[in-house]
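**Q** Residue numbers (our numbering), protein chains in the order written: chain A, 497 to 903; chain B, 974 to 1099.
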Amino acid sequence: MPRGIAARKPVIAGLGLTELGKVYGRSAASLAAEAVTRAVEDAGMALADLDGLLTSNGVSGGVGLGLQGDLGLRELKLLSEMQSFGSTAGAMVQVASMAVNCGMADAVACVFADAPLRPGRGAGEVYSAGRRPDRPAGAPPSGWGGLLVSTGVAGANTMYALAARRHMLRYGTTEDDLAAVAVAQREWAARNPLAQMRDPITVEDHHNSRWIAEPFRKLDCCLVSNGAVAVVVTSAERAAHLAKPPVHVLGWAQRHPGYQMRRDPEFGLVSGAARSGPDALAMAGVALDEVQVAELYDCYTYTVIVSLEDYGFCAKGEGGAFVSGGGLARPDERGEARSGRLKLNTGGGQLSSYYMWGMTPLSEAVIQVRGEGGDRQVHPHDVALVSGNGGILDHHSTLVLGSEATA
Amino acid sequence: MSVGPVARNEATAAFFDFAARGELLILRCPAGHHSGPRAHRCEVCGADGLEPVAACGRARLVSWAVVHRRDGSTSTPAIVELEEGPWWWTALVEGDAAVLAEGLPLEVVFARQEGSEAVPVFRPSA
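1. Count the other CB atoms within 10 Å of the CB of C1018/B; is the residue buried (16 or more) or exposed (fewer)?
2. I'd like to know whether the C-beta of V979/B is nearer than 9 Å to at least one C-beta of chain A.
3. Curious, which full-length alpha helix (DSSP H) runs of at least 4 residues does the region 977–1034 of chain B contain?
4. Does DSSP classify T669/A as helix, strand or coil?
5. Tell me whether W684/A sits in a helix, a strand or coil according to DSSP, three-state version.
6. Please list the partners that S1048/B has in chain A, where partner means a Cβ-to-Cβ separation under 7 Å.
7. Would you decide whether S1098/B is buried or exposed? Buried here means 16 or more other CB atoms lie within 10 Å of its CB.
8. Mind checking P615/A: buried by the 16 CB within 10 Å criterion, or exposed?
9. Would you mind stating whether Q756/A and E1016/B have Cβ atoms separated by less than 9 Å?
10. For a contact meaning CB atoms closer than 7 Å, what does E710/A contact in chain B?
11. Using a Cβ-Cβ cutoff of 7 Å, what residues of the region 1042–1075 of chain B are near chain A? List them in chain order.
12. Taking 7 Å as the limit between beta carbons, can you name the residues of its chain near L931/A, skipping five residues before and five after?
13. Return the residue from the list K812/A, G813/A, N841/A that minimises the CA-CA distance to R826/A.
14. Counting pairs of Cβ atoms below 8 Å between the region 760–771 of chain A and the region 721–732 of chain A, do you hit three or more?
15. Which of the three DSSP states, helix, strand or coil, is assigned to T730/A?
16. Check whether the Cβ atoms of T533/A and L567/A sit closer than 9 Å, and answer yes or no.
17. Quick one: what's M664/A bridged to in DSSP?
18. Distance, Cα to Cα, K812/A vs T669/A?
19. If you draw a straight line from the C-alpha of A736/A to the C-alpha of S638/A, how long is it?
20. Taking CB distances under 9 Å as the criterion, tell me whether N653/A reaches chain B.
21. With a cut-off of 9 Å, does the C-beta of E988/B fall near any C-beta of chain A?
22. Output, in chain order, the set of chain B residues within a Cβ distance shorter than 8 Å of S638/A.
23. Report all residues from its chain with a CB closer than 8 Å to the CB of F1083/B; omit the five preceding and five following residues, and keep chain order.
24. Under 9 Å, do A769/A and D794/A count as touching if we go by C-beta distance?
25. With the cut-off set at 9 Å, would you say E1067/B and S1036/B are in Cβ contact?
26. Decide if the region 603–611 of chain A is in contact with the region 549–563 of chain A; the criterion is three or more beta carbon pairs, one per stretch, under 8 Å apart.
27. Who are the neighbours of G1009/B on chain A, taking C-beta pairs under 9 Å?
28. Mind pulling the alpha helix (DSSP H) runs of 4 or more residues that sit fully within the region 522–577 of chain A?
29. Please name the residue in Q681/A, V802/A, T584/A whose C-alpha comes closest to that of G554/A.
30. Just the Cα atoms here: how many angstroms apart are Y796/A and R734/A?
31. Throw me the rounded Cβ distance for the Q864/A and V802/A pair, which I believe falls under 8 Å.
32. Just list the alpha helix (DSSP H) runs in the region 781–823 of chain A, keeping only unbroken ones of 4 residues or longer that don't cross its boundaries, in chain order.
33. Alpha carbon to alpha carbon, how far is V666/A from K714/A?
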């Protein structure tokens, strides 16, 4: 019988999602409190069982250390606000797992919440407004950020479009390849009752959607959602007596490339997945070909393609050919263990289901590993790979999750 | 495309002083390496004591996007590689989208307007 740290394997025991999408009239803080409450109930625990809390904001802000008071939590052993953008959800689970593993805490809730959408206003408009620094009305922007705004080099759409263009120039990735990702993920979303966009789309629909920032069209870009998602991390020992099948956190890693922005850096060509993937798999003792379902961060279609290459699901530069040439499993193949195709973003991802930053791939992975995926449930579902990507490819997290069979 | 107005602050004062006289400020370390204007230490060797110098103004195109606005207007933000080495995020002007290609030779020009500092942007070399 292992003792000490070895006995305290971390697992995800609870998952809580609020209503997601056009959820108006509620603050991010209120949504965060509801998600944590739901995650605790899902686990079969009480709020008072939590002794750790990690929080993560989207662009609307307002979720922080005060959440402890909102939830009435006492004597927490771990409390922090974390920020590495889209990789934060994975990073929170990693910190929670380490805290549980070493005995610092027993049950840590990790929550992300955001509420940028407003009735009657466009998603792109509210999203960029949420990120713009305050300045007096009519005053021109200042500082280095202001210089970027003046030259139109502002916002994630533009920055990722510049990264994607570089990938296309270097490797021959095409607009049809980008479309293949959007179309495939929408097929999965059609089977996900949580998804905001469930109507099937074709490559032609993708090409007919309006330009945002070439090479990206509207259907290359993620949604914007209001809502919150939380998970509860505890020990396998404790989870054995709880309500839901434990989802084991088998391996984890991060990479923050620190691209040197001068002569030929890897920007746009290689992401932090290239190094965090092998590290996380090695910690888990899992080979890449044992991964049965991959939930990869998809702020844009391009992000999926570069991540597939970096994790090694295909060779560098062949991500476009992989997604266009039959590398992805269709939902109808979800029960085929040996189709040779990758079951990817099985809830529709951020392109089609809901945009909760790194909580989108994480929540879908928890649902799949538990076997709660309904019409989109894959088989087998014992090993899942989850990525988080933040900044402009600046921050990357990987989680390897497993069912009880892998523990 | 039209370049929007921008104001100086403490961090950008020297940069806009250079821009006002038609120069693109970059930084040079004691060993002669060049860094972008936002660097705190040499991007190549980590040295302190960076001094502002004018870039030669020549660059090559690394990547570009074409941003479409709701009003039908477009702009062409880009990453360019300065001849001295650093990358610079800027706007392309006067270039027909059809001629844009990786490695296209570019030169700096300065957009000037009332109520704004001069803003360096790039166009295909004559």
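Glycine included, C-beta positions come from ideal geometry on N, C-alpha and C.
**A** Reading it off the structure:
1. exposed
2. yes
3. 986–993
4. coil
5. helix
6. G648
7. exposed
8. exposed
9. yes
10. A1038, V1039
11. S1048, P1050, I1052, E1054, G1058, P1059, W1060, W1062, T1063, A1064, E1075
12. The shown model of chain A, from 497 to 903, leaves out residue 931/A, and the question about it has no answer.
13. N841/A
14. no
15. strand
16. yes
17. Looking at the DSSP assignment, M664/A forms no beta bridge with any residue, so it has no partner.
18. 11 Å
19. 56 Å
20. yes
21. With the sequence shown as reference, residue 988/B is identified as Phe, and Glu is not the correct amino acid for it. For F988/B, the answer is yes, since a Cβ of chain A falls inside 9 Å of its Cβ.
22. V979, A980, R981, N982, T985
23. A992, G995, A1091, V1092, P1093, V1094
24. no
25. no
26. yes
27. M757, R758
28. 524–539, 563–567
29. T584/A
30. 38 Å
31. That belief does not hold up - the Cβ atoms of Q864/A and V802/A are roughly 23 Å apart, past 8 Å.
32. 797–807, 815–820
33. The residue you asked about is not Val; residue 666/A is Arg in the sequence shown. Spanning the two alpha carbons is a distance of roughly 23 Å.
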